[in-house]
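First up is the structure itself, then whatever we jot down about it.
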């Protein structure tokens, strides 16, 4: 009997736990020209403060109706129905869209698909992306703090009878179960104390400020060969070198690279100033900074080698 009760209790808790999770996707939107914007999904304002690079995590619907308003009111609003958060096989993805200005009308704004990668649970966005977790209630929430510590203590005393006690903590919810078979007039007293610590709150959706990418890219892996080759092809397609540089930076904003990958991208630039600019920018996203000296070979002028070396020393 005892075993059956315990198994039923654990099954109930497991069912509760799994019911709280499900497949989700992530949406990234960036402005090619640095125009600050506010995103509205299905009628809900996502970011109260206009941003140029926004990431919305934990979206559980495959499509959303999108409206984008700009801080510069001279720029036209963008409205788009059924914005996809899944791939062609309806698998939730980490998708990126780009805001750009119309070539013939600089106040007319467009939202174009940019890229898509599989959802990675260990992904850590760089600090220059404003990250919001979708669907959180607009009540005080912990922001930019060490996770709260929850401690549960259960004391059970018994005189006579048979007692089965089960204590479970799931997702911050403490559950205690005590069962007395009433044989011998058993008396059971159970006391449960739960203490949660936190220090600061803020109203609104949960906003996570990711740590600034440190040397070594916080231990994250570099892009897979397939994803890198796709990104490299996208960069190559850009007709103008300035646009190519912007695209390259956008790629590494959400990815880590090894030295050889950085060299391949840097060699796409014809002007050494752009090579130097990219090499400096990519340093924080390199998984092997100790081998960064290999980038010296991409430069024709020794002054650029010295410039990059000085920059790396200033970052150490």
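Numbering (mature numbering (1 follows the signal peptide of the UniProt record, and there is no 0)), first residue to last: -19 to -1, 1 to 297.
Beta carbons are placed, not taken as given, at the ideal position from N, Cα and C, and that holds for glycine.
Computed from a prediction, not measured in an experiment: that's the story for all the values here.
Pick helix, strand or coil for residue i, following the three-state DSSP scheme.
i: residue 275; result: helix
i: residue 76; result: strand
i: residue 20; result: strand
i: residue 298; result: Here the chain comprises residues numbered -19 to 297, so residue 298 is not present and cannot be evaluated.
i: residue 51; result: strand
i: residue 266; result: helix
i: residue 261; result: helix
i: residue 108; result: coil
i: residue 217; result: helix
i: residue 137; result: Low local confidence applies: a pLDDT of 47 at residue 137 is under 50, so the model's placement there is unreliable, and no value is given.
i: residue 240; result: helix
i: residue 225; result: helix
i: residue 86; result: coil
i: residue 11; result: strand
i: residue 232; result: helix
i: residue 288; result: helix
i: residue 60; result: strand
i: residue 245; result: helix
i: residue 28; result: coil
i: residue 95; result: strand
i: residue 34; result: strand
i: residue 41; result: coil
Closest by CA to residue i, which one among the options?
i: residue 215; options: 231, 203 and 200; result: 231
i: residue 112; options: 202, 62, 8 and 253; result: 8
i: residue 272; options: 256, 26, 260 and 81; result: 260
i: residue 265; options: 199, 212, 291 and 287; result: 199
i: residue 249; options: 201, 10, 221 and 69; result: 221
i: residue 270; options: 290, 240 and 247; result: 240
i: residue 66; options: 87, 5, 226 and 17; result: 5
i: residue 223; options: 72, 252 and 35; result: 252
i: residue 204; options: 108, 217 and 267; result: 267
i: residue 254; options: 275, 68, 282 and 63; result: 282
i: residue 3; options: 27, 70 and 43; result: 43
i: residue 114; options: 69, 26, 72 and 84; result: 26
i: residue 83; options: 18, 13, 206 and 235; result: 13
i: residue 55; options: 256, 218 and 88; result: 88
i: residue 63; options: 257, 92 and 243; result: 92
Taking all protein chains shown into account, do 16 or more other C-beta atoms lie within 10 angstroms of the C-beta of residue i, making it buried, or fewer, making it exposed?
i: residue 209; result: buried
i: residue 97; result: buried
i: residue 74; result: buried
i: residue 228; result: buried
i: residue 295; result: exposed
i: residue 38; result: buried
i: residue 101; result: exposed
i: residue 275; result: exposed
i: residue 32; result: buried
i: residue 99; result: exposed
i: residue 206; result: exposed
i: residue 77; result: buried
With a cut-off of 8 Å, does the C-beta of residue i fall near any C-beta of chain B?
i: residue 29; result: The chain inventory of the structure shown lacks chain B, comprising one protein chain alone.
### Message
Three Cβ pairs or more, each shorter than 8 Å: is that satisfied between the region 39 to 58 and the region 11 to 27?
### Response
Because the criterion of three Cβ pairs below 8 Å is met, the region 39 to 58 and the region 11 to 27 touch.
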